[in-house]
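Throughout, the working numbering is defined as the position within the sequence shown, counted from one, plus 267. Cβ atoms here follow ideal geometry from the backbone N, Cα and C, with glycine treated the same way. Below: the structure, in structure tokens.
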Amino acid sequence: MPHRNPTQTDLLPPAPDGRVRVMLTLPFAGPLDYLLPPRLAAARPGDIVSVPLGRRTETGVIWDAAPSLPPEFRPPPPKEVATSRLKPVAARLDLPPLPAQLRQFVDWVAAYTLSPPGMVLAMALRANALAALPRPGTGYSPAPALPADLRLTPARQKVLDIAGNGPPLPAAELARRAGVGAAVIRGLAQAGALRAVEITPPPPFAVPDPAHCPPTLGGNQAEVATELRARVGEDSFSITLLEGVTGSGKTEIYMEAIAACLEAGKQALVLLPEIALSAQWTGRFARRFGAEPALWHSDLGARLRRVTWRAVADGTARVVVGARSALFLPFAQLGLIIVDEEHETAFKQEDGVTYHARDMAVVRARMSKAPIVLVSATPSLESLANVGAGRYRHLKLNARHGNATMPVVETLDMRADPPERGLFLSPVLTGAINDAVGRGEQAMLFLNRRGYAPLTLCRTCGHRMQCPNCTAWLVEHRARHILTCHHCGYDEPIPQTCPKCADADSLTPIGPGVERITEEARATFPDARILVMASDTLSGPAATAAAVERIARREVDLVIGTQIVAKGWHFPHLTLVGIVDADLGLGGGDLRASERTVQLLHQVAGRAGRAEAPGRVLLQSYVPDHPVMQALVSGNFSSFMEQEAEQRRPGFWPPYGRLAALIVSAETPDAAELTARALGQNAPRLDGVQVLGPAPAPLAILRGRHRHRLLLRARRNIAVQPIMREWLSRVKPERGARIDVDIDPVSFL
């Protein structure tokens, strides 16, 4: 069994009757009771075990006697099961135990999100992470003394010389280096001239060196880096919001906090909102520390996931960079958490267990008594409100690194400078692109919409192509000759005739997607080298890294992309950014629509002018006087966020109040409506609490299920979990209906 660092919780003995609680990765309300047989008497909370469940065997974790939770989060106690009815634990698995802090975190996340704790545990116990690792290999080295009757040929002598000049080598590698066949190696081993030894594989991850290549920081940068190092040196929980304009060197600065963590002998976790960011980020990390970090995201192969999980558990993976699920890794000694681009909604898990990784990272840091740094050029209003309340420290970087300056941002009034009929780029924008490319600089066009067109309709009868499983229009992807739904994945070939009136060649695309803008750009700039960066064209981190490398080598004149181009890239020769539809995110009923639009467009604008040449940003808008556009032009992000706060505060909208959503779904409309109506009739009626709905969801049908929504709004000082738990206990869903809970929702579809 791997080395364990016992804590007080680890050392709790089993109950006197041998009863232990085992948490399974199944949607039960809590752990199940089992008996611990005498042969497993040494087992303790955190040990990973196999247990019988019905006629099958399941993997679980011996759990603590009682969860350490605030009173309002504690679920009702389970019913006691007679000892005579309990089954024994089958075996303890030879795996690193789950640390007490991680078990506590699983309980906390489950209670906060009203999720079955076993489903939260499933994120920490990845099945492929727990599979057996390959056995150590066999290598060969010379025997201490060669047999007296050994017949030495030139080939055999070469093998012995190579085998004696370094560590033991596998037979295949030894044969390859000596240029001989496998039979020569077998003959030497059978003759006793080579002895077989077990090869211990090297550590999977090199140790980053905090002194490898420290940056040269000055002025405000040096002050902020020193402050972050001090937070790590305190060896206690603290929260710091690091706000810095795009290009101010935030990454280099928080890497100094990572260096301090490494110097203290602890582990660091860095959360990124998008997997695509990992390639460029790891390159910067390797240049700073002389070694790459461990990665954790859904694209990892099973073997690497297995190796990484164990390296985190035994502490040999010193720095982990990953997506939100990395929060549930079994860190041996977590000393620092960084949440980069903390404002990003990609940190919200929408399926399964719904949680916000930024907020849960704060909880994980508190339980680990570790500092956490939230990083952004455009912090969320939630983080800024916590700064105002004194809960977070606030460090700011107001200038770009070196001689770079912030880009000039201008609006293009599309009413005054419209594009030609059937096109989407203003002549002012196309002229600016021509000028930039003519100077040997790079330009970027941004449109946060995939595909060729968001809607296809019939010019004859007005029929609109809609998904059969969702209340959503089908998006045309002309490059693949399909219409597809971006919600459920349904697709069909683009028809030649209208499905309703059968008119031929009457279907026409409405509105632009990034493919359509690319088509227009190729016609407008025929000599330009164009690269498209979108999730449809970049298959993963490796493809993204290759695209970024092409831009850095100046093999590209014009970059066209969706929101992936907004993610912290450093393109030193890119001087012009054009936002094709700056108004796109302002529609709908999302209370954060203006905040998100400012954040996204500010991040995109920040790609321009990050080196010596000045940058320029052009926003195509039909509402150039909108507060969002004015904030982007003025660069006064703080003033805009203060206005947002003033609008939300009186109505107790987040972050000045709490929200919890109930999403009812069923295969039939009647089951969904009846269940939603029952929830509405049993809604809590309490001071400081208001329930909105039920109402059909904006996506009234999703993946074939009919949907209704209810929204509970409460004052900030009211815990919504006990209210929601009691509310749900009063309603029995109709047959086939499901009720999903979303605490702190960020999506209202």
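Option nearest residue i by Cα separation, candidates the options
i	options	result
ALA308	ALA810, ASP300, GLU325 and ARG286	ARG286
ILE846	HIS837, ARG688, VAL832 and LEU455	VAL832
THR808	ILE639, ALA463 and PRO540	Note that residue 808 is Pro in the sequence shown, not Thr. Among ILE639, ALA463 and PRO540, the Cα nearest to that of PRO808 belongs to PRO540.
VAL1008	LEU381, ASP314 and CYS752	LEU381
ASP857	PRO921, LEU293 and VAL823	PRO921
PRO963	ARG982, THR842, GLN948 and PRO936	PRO936
ALA535	ALA599, ASP848 and ARG551	ALA599
ARG323	PRO482, SER335 and ALA357	ALA357
VAL376	VAL587, HIS869, ARG976 and GLN988	GLN988
LEU596	ALA561, TRP994, ASP618 and ARG418	ALA561
ARG717	PRO411, GLN547 and HIS753	HIS753
PRO674	PRO366, GLY918 and VAL884	VAL884
GLN212	ALA710, ARG706, PRO762 and GLN709	In the structure as shown, the chain begins at 268 and stops at 1016. Residue 212 is therefore absent and cannot be evaluated.
ALA497	ALA473, PHE556, GLY516 and GLU530	GLU530
GLY1003	LEU995, ARG972, ARG982 and TRP994	ARG972
PRO481	LEU320, ARG573 and ALA553	ALA553
SER639	ALA628, ARG796 and PRO319	The question names Ser, but residue 639 is Ile in the sequence shown. Answer by Cα proximity: ALA628.
PRO881	LEU798, ALA367, ARG706 and ILE990	ARG706
GLN547	LYS834, ARG796, ARG726 and GLN709	LYS834
Beta-ladder partner(s) of residue i, from DSSP
i	result
TYR217	In the structure as shown, the chain starts at 268 and stops at 1016, and residue 217 therefore has no counterpart that could be examined.
SER503	Bridge partners of SER503: none, in fact.
ASP1007	ILE930
LYS663	GLU510
SER888	ASP680
HIS623	LYS615
TRP740	GLN733
ILE604	LEU536 and ILE639
SER317	THR326 and ALA358
ARG883	VAL675 and LEU843
ASP758	THR751
For residue i, the first and last residue of its enclosing beta strand (DSSP E)
i	result
TYR659	Per DSSP, TYR659 belongs to no beta strand (DSSP E) and is neither H nor E.
PHE552	Taken as a continuous stretch (DSSP letters only), PHE552 belongs to no beta strand (DSSP E), being part of the alpha helix (DSSP H) at 545–556.
HIS975	972–982
THR405	404–409
LEU461	461–466
CYS725	722–725
GLN957	956–969
TRP920	Taken as a continuous stretch (DSSP letters only), TRP920 belongs to no beta strand (DSSP E), as it is neither H nor E.
Alpha helix (DSSP H) segment containing residue i, residue limits
i	result
GLN948	936–948
GLU787	781–791
MET800	Where MET800 is concerned, there is no enclosing alpha helix (DSSP H), although the beta strand (DSSP E) it sits in stretches over 797–800.
GLY327	Where GLY327 is concerned, there is no enclosing alpha helix (DSSP H), although the beta strand (DSSP E) it sits in stretches over 323–330.
GLY385	384–391
ASP581	569–581
LEU995	987–996
Contact check, residue i vs residue j, beta carbons under 8 Å
i	j	result
LEU712	ILE827	yes
LEU413	ALA456	no
ARG631	LEU594	yes
ILE968	THR738	yes
GLY852	THR864	yes
GLY778	LEU841	no
TYR301	ILE1010	no
LEU362	ILE329	no
ASN715	THR829	yes
PHE372	MET800	no
TYR757	PRO776	no
SER1014	ARG974	no
VAL676	LEU899	yes
LEU979	LEU926	yes
LEU495	TYR521	yes
ALA422	VAL447	yes
GLY960	ALA981	no
ILE225	ALA580	An answer regarding residue 225 cannot be provided, because it is not within the stretch 268 to 1016 covered by the chain.
Neighbour flag for residue i against chain B, beta carbons, 8 Å
i	result
GLU490	Of the protein chains in the structure, only one exists, and it is not chain B.
Any non-hydrogen atom of the ligand NAP within 7 Å of residue i CB
i	result
ARG745	For the ligand NAP, the structure offers nothing, since it holds no ligand at all.
If you pair each beta-carbon of the stretch 908–925 with each one of the stretch 941–951, do three or more pairs fall below 8 Å? no
Exercise. For the stretch 481–500 and the stretch 617–626, state whether three or more C-beta atom pairs, one from each stretch, are separated by less than 8 Å.
Key: Cβ pair count under 8 Å is below three, so no.
*Are the stretch 692–701 and the stretch 890–909 in contact at 8 Å, needing three or more beta carbon pairs?*
Contact fails: fewer than three Cβ-Cβ distances are below 8 Å.
Original post:
Should the stretch 677–692 be regarded as contacting the stretch 773–793, the criterion being three or more beta carbon pairs within less than 8 Å?
Top reply: Because the criterion of three Cβ pairs below 8 Å is met, the stretch 677–692 and the stretch 773–793 touch.
- Item | Sufficient close CB pairs (3 or more, under 8 Å) joining the stretch 656–664 to the stretch 506–526 | Contact between the stretch 656–664 and the stretch 506–526 is present: 3 or more CB-CB pairs across the two stretches fall below 8 Å.
At least 3 beta-carbon pairs within less than 8 Å: the stretch 403–422 vs the stretch 430–440
Yes, they touch.
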